[in-house]
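**Q**
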Amino acid sequence: MIWNDEFETLPREAIESLQLKRLQQTVERVNATVPFYRESFRKAGITPGDIKTLADLQKLPFTLKQDMRDNYPYGLFAVPLEQIVRIHASSGTTGKPTVVGYTKRDIDTWAELMARSFVAAGAHKGDVIHNAYGYGLFTGGLGAHYGAEKLGASVIPMSGGNSKKQLMIMQDFGSTVLTCTPSYSLFLAEIAAEEGIDIRELKLKVGIFGAEPWSETMRREIEEKLNLKAIDIYGLSEILGPGVGIECIEAQNGLHIWEDHFIPEIINPDTGEVLAAGEKGELVITTITKEGIPLIRYRTRDITRLSKEPCICGRTHARLERLSGRSDDMLIIRGVNVFPSQIESVLFNIEGVEPHYQLIVERDGNLDTLEVQVEVNEQTFSDEIKVLQGLSSQIRKEIKDLLGVTCIVRLVEPKSITRSEGKAKRVIDNSQ
Amino acid sequence: MKVEQISIFIENKSGRLAEVTRILGEAKVNIRALSLADTSDFGILRLIVDDTDLALRVLKEHHFTVNKTEVIGVEVPDQPGGLCSILEILDKNDINVEYMYAFVERSKGNAVIIFRFDSVDEAIRVLTENKITVLKGERISTL
């Protein structure tokens, strides 16, 4: 099923001519209304008139997260505050949050793109959408909510937390679609097991999971434990919130990014140069319909590759490979680049190992050490020391073999790793 | 002939042993024998108690990882060389001892040693053939 047949299946040439027209309008507009862009175009020696083809996009300077911080809170808004109807902000774990503003039309666009995303994930009008993304400054809750209403489904605005109640509502209200972070879905499965609820028997058929990177093995784990199709959704508040891209249920192979609203590019994060189709690098997005806070060549720090190969679902929009992580989530352990999601993959491929883990990075003299904490469960526990030490050394060996990094494996008691109701905190970095 | 033993995974941090014994105490479970095997990161506490199922249940309720294994209790003459005579029998018959520990109480003047084997049935057969007393499970909990 496709929500917006006309736009989601546009031929490539039509997408590109629409992109060019909208890009030119956006560049014109930010040049006229956002002092930051006027100044950065001037420094780069570019005028809006220089954008004659899509390839000319490469002449424009990047926008960084730091630029948003420097213009905190409203400096990058392209419309007067009277036209802004909603303000969201990123969690801002370090320093000030990044602030985004939406006009009425931006909210409508967002709802449209989330409705497309729901349908791509296999949801439809008759579904009961159990929305456990947090409502508030975080874009997840309200973004999914408006999309679900636009679709015409029945949305339950659960927000995060209160897991026992979540399960009761799922049972009693007959929730069919679950939206939350992937780690929270596994936490719900764990609570269900404790409460004697067979979560596999609930009516859930699809889960739309995002806001944190997760591996293919974690997907299989979720699909098995919750008995649903687990769909990956992509978004970031700077660009829109959830609904920038989504996997289609037909292929579950790459996330369609809505190209009539965004222009994606993949660049070499070190040199800034645009990479050829299919190469892996940092995703850069230009918004071409946003009014409140249009962003030119925003560096997402997400590492992926882009494919324009046709998809079996019929959508023509390019696909992002599932994200291995943000470049700022990447750990560098004694010169080896490691994403937490890669360690997750190794762990989940070892029979019986729990989906809850935490990585601790410490600085020991001049060397970084990586400790992987894994919970021991009934399946992996033994009364014999050698069996548990064998498990530790198996984990250590597989991480070494696959990722080339030596780590310390620490087996910990069940439930001792903090469960998250929003974004899971996988890494504790004490090395800074 | 077999005795039920419970094993508990314990992280190497303060207060965990006290927590296990507190939970068992509150459930009125009496510990009959114990051994703690430890590494630098974690330990395995092995217990023989008077009510195995109750102990398992209350520990699980408190989110401990617990399992149940079968061990055997053997009477060992309480004299120099007593344990050696039994270990020699096992060795001669290629039976590997995973671990062992002493029971607090005595049985008919003999010491009692708890053994964990990979091949429990084979061990029982060899020991009884060699006239060594293997204590019945019920007997152990009433010592």
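In order, the protein sequences belong to chains A and B. The opening position of the first sequence corresponds to residue 827 in this note's numbering, with each subsequent residue numbered one higher. The opening position of the second sequence corresponds to residue 2 in this note's numbering, with each subsequent residue numbered one higher. For glycine and all other residues, C-beta sits at the position ideal for the given N, C-alpha and C.
For residue 1085/A and residue 841/A, which I take to be in contact (beta-carbon distance under 8 Å), what is that distance rounded to the nearest angstrom?
**A** As a position in the first sequence, residue 1085/A is number 259, starting the count at 1. As a position in the first sequence, residue 841/A is number 15, starting the count at 1. Indeed they touch by this definition, with Cβ atoms about 5 Å apart.
**Q** Once the 5 residues before and after residue 74/B are set aside, which same chain residues still bring their CB inside 6 Å of it?
**A** Taking the first residue of the second sequence as 1, we reach residue 74/B at position 73. Counting only Cβ-Cβ distances below 6 Å, and skipping sequence neighbours, we find 4, 113, 115, 136 and 141.
**Q** In terms of residue numbering, what span does the beta strand (DSSP E) encompassing residue 1090/A cover?
**A** Stepping through the first sequence from its first residue, residue 1090/A is reached at position 264. That run of the beta strand (DSSP E) goes 1088 to 1093.
**Q** Quick one: which residues of the region 1115 to 1129 of chain A get their C-beta closer than 9 Å to a C-beta of chain B? List them in chain order.
**A** Within the region 1115 to 1129 of chain A, no residue qualifies.
**Q** How long is the line joining the alpha carbons of residue 1130/A and residue 1095/A, rounded to whole angstroms?
**A** Position 304 of the first sequence holds residue 1130/A. Position 269 of the first sequence holds residue 1095/A. Using only the alpha carbons, I get a separation of about 11 Å.
**Q** Terminal residues of the continuous alpha helix (DSSP H) containing residue 857/A?
**A** As a working mapping, residue 857/A is identified with position 31 in the first sequence. Start and end: 838 to 859.
**Q** Suppose contacts are defined by Cβ-Cβ distances below 8 Å. Is residue 1112/A in contact with residue 1089/A by that definition?
**A** In the first sequence, the residue the question calls residue 1112/A occupies position 286. In the first sequence, the residue the question calls residue 1089/A occupies position 263. For residue 1112/A and residue 1089/A, yes; Cβs fall inside 8 Å.
**Q** Just how far apart, CA to CA, sit residue 1075/A and residue 1141/A?
**A** Residue mapping note: residue 1075/A aligns to position 249 of the first sequence, counting from 1. Residue mapping note: residue 1141/A aligns to position 315 of the first sequence, counting from 1. For residue 1075/A and residue 1141/A, the distance between alpha carbons rounds to 12 Å.
**Q** Taking 8 Å as the limit between beta carbons, can you name the residues of its chain near residue 802/A, skipping five residues before and five after?
**A** The structure shown does not extend to residue 802/A, since chain A is modelled only from 827 to 1258, so the question has no answer here.
**Q** Quick one: list the residues of chain B neighbouring residue 1241/A, beta-carbon separation under 9 Å, in chain order.
**A** Here residue 1241/A is taken as the residue at index 415 of the first sequence, counted from 1. Per Cβ cutoff of 9 Å: 64.
**Q** Is the CB of residue 49/B under 8 Å away from at least one CB in chain A?
**A** Position 48 of the second sequence, counted from the first residue, corresponds to residue 49/B. It does not: the Cβ of residue 49/B has no partner Cβ on chain A nearer than 8 Å.
**Q** Would you mind stating whether residue 102/B and residue 34/B have Cβ atoms separated by less than 8 Å?
**A** In the second sequence, residue 102/B corresponds to position 101, counting from 1. In the second sequence, residue 34/B corresponds to position 33, counting from 1. Their beta carbons are under 8 Å apart, which means residue 102/B touches residue 34/B by this criterion.
**Q** Mind checking whether residue 1126/A and residue 1101/A have CB atoms under 8 Å apart?
**A** The residue labelled residue 1126/A in the question sits at position 300 within the first sequence. The residue labelled residue 1101/A in the question sits at position 275 within the first sequence. No, the pair does not count as a contact, with Cβ atoms beyond the cut-off.
**Q** Taking all protein chains shown into account, decide if residue 1254/A is buried (16 or more other Cβ within 10 angstroms of its Cβ) or exposed.
**A** Residue numbering aside, residue 1254/A sits at position 428 when the first sequence is read from its first letter. That one is exposed.
**Q** Rounded to the nearest angstrom, how far is the Cβ of residue 9/B from that of residue 60/B, given a contact under 8 Å?
**A** Taking the second sequence and counting its residues from 1, one reaches residue 9/B at position 8. Taking the second sequence and counting its residues from 1, one reaches residue 60/B at position 59. Contact flag correct, Cβ pair sits at about 6 Å.
**Q** Which same chain residues, not among the five before or five after residue 1183/A, have their C-beta less than 8 Å away from its C-beta?
**A** Counted from its first residue, the first sequence places residue 1183/A at position 357. Here the set comprises 1169, 1170, 1173, 1198, 1199, 1200, 1201, 1243 and 1252.
**Q** Please report how far the alpha carbon of residue 873/A lies from the alpha carbon of residue 890/A, in whole angstroms.
**A** If you number the first sequence from 1, residue 873/A lands on position 47. If you number the first sequence from 1, residue 890/A lands on position 64. Answer to the nearest angstrom: the Cα atoms are 20 Å apart.
**Q** Does any C-beta atom of chain B lie closer than 8 Å to the C-beta of residue 853/A?
**A** If you number the first sequence from 1, residue 853/A lands on position 27. Cβ-Cβ to chain B under 8 Å: no for residue 853/A.
**Q** Considering only the alpha carbon of each residue, which of 1044/A, 911/A, 1002/A and 1135/A lies closest to residue 1013/A?
**A** Translated into the one-based positions of the first sequence, residue 1013/A becomes position 187. The shortest C-alpha separation from residue 1013/A is found at 1044/A.
**Q** Kindly confirm or deny that the region 998 to 1015 of chain A and the region 1030 to 1042 of chain A touch, where touching means at least three C-beta pairs closer than 8 Å.
**A** These segments touch.
**Q** Which residue wins for smallest C-alpha separation from residue 866/A, given the options 1216/A, 880/A and 886/A?
**A** Against the first sequence, residue 866/A aligns to sequence position 40. Nearest of 1216/A, 880/A and 886/A to residue 866/A, Cα basis: 886/A.
**Q** Fully enclosed by the region 39 to 102 of chain B, which alpha helix (DSSP H) runs are 4 residues long or longer?
**A** List check, alpha helix (DSSP H) in window: 53 to 62 and 83 to 93.
**Q** Quick one: what's residue 1107/A bridged to in DSSP?
**A** Taking the first sequence and counting its residues from 1, one reaches residue 1107/A at position 281. According to DSSP, which records beta bridges pairwise, residue 1107/A is partnered with 1130/A.
**Q** Could you please tell me which residues of the region 1182 to 1203 of chain A, in chain order, have their CB closer than 7 Å to any CB of chain B?
**A** Within the region 1182 to 1203 of chain A, the residues whose Cβ lies closer than 7 Å to some Cβ of chain B are 1202 and 1203, listed in chain order.
**Q** Going by DSSP in three states, residue 1099/A sits in which element: helix, strand or coil?
**A** The count along the first sequence starts at 1 and reaches residue 1099/A at position 273. Note: residue 1099/A maps to coil in three-state DSSP.
**Q** Could you tell me which chain B residues have their CB closer than 7 Å to the CB of residue 1210/A, listed as they occur along the chain?
**A** Mapped onto the first sequence, residue 1210/A falls at position 384. The contacting residues are 99.
**Q** Does the beta-carbon distance from residue 7/B to residue 56/B come in below 8 Å?
**A** Here the question's residue 7/B lines up with position 6 in the second sequence. Here the question's residue 56/B lines up with position 55 in the second sequence. Contact: yes.
**Q** Which of the residues in the region 27 to 53 of chain B, read from start to end, lie with their CB under 7 Å from any CB of chain A?
**A** From the region 27 to 53 of chain B, only 38, 40, 42, 43, 45 and 47 have a Cβ closer than 7 Å to chain A.
**Q** For residue 70/B, which residues in chain A fall below 7 Å Cβ to Cβ?
**A** Residue numbering aside, residue 70/B sits at position 69 when the second sequence is read from its first letter. Ordered by position in chain A, the residues that pass the 7 Å Cβ test against residue 70/B are 1209.
**Q** Nearest-angstrom Cα distance between residue 19/B and residue 11/B?
**A** Position 18 of the second sequence, counting from 1, holds the residue named residue 19/B. Position 10 of the second sequence, counting from 1, holds the residue named residue 11/B. For residue 19/B and residue 11/B, the distance between alpha carbons rounds to 11 Å.
**Q** Report yes or no: do three or more beta-carbon pairs, one from the region 1229 to 1238 of chain A and one from the region 1020 to 1027 of chain A, lie closer than 8 Å?
**A** As far as the Cβ criterion goes, the region 1229 to 1238 of chain A does not touch the region 1020 to 1027 of chain A, which means the pair count is below three.
**Q** Quick check on residue 1137/A: buried or exposed, where buried means 16 or more other Cβ atoms within 10 Å of its Cβ?
**A** Taking the first residue of the first sequence as 1, we reach residue 1137/A at position 311. So residue 1137/A counts as buried.
**Q** Listed in chain order, which residues of the region 8 to 27 of chain B have Cβ atoms closer than 7 Å to some Cβ of chain A?
**A** Correct list: 8, 10 and 12.
**Q** Can you look up residue 999/A in the DSSP assignment and give me helix, strand or coil?
**A** For the purposes of this step, residue 999/A is taken as residue 173 along the first sequence, with counting starting at 1. Looking at residue 999/A - three-state DSSP - the assignment turns out to be helix.
**Q** In the structure shown, what three-state DSSP assignment does residue 1045/A receive?
**A** Counting from 1 along the first sequence, the entry for residue 1045/A is found at position 219. If DSSP states are grouped into helix, strand and coil, residue 1045/A belongs with the helices.
**Q** Short of 6 Å in beta carbon distance, which residues of its chain neighbour residue 955/A, apart from the five on each side in sequence? Order them along the chain.
**A** Locating residue 955/A in the first sequence gives position 129, counting from the first residue. Cβ within range, chain order: 974, 979, 981 and 1003.
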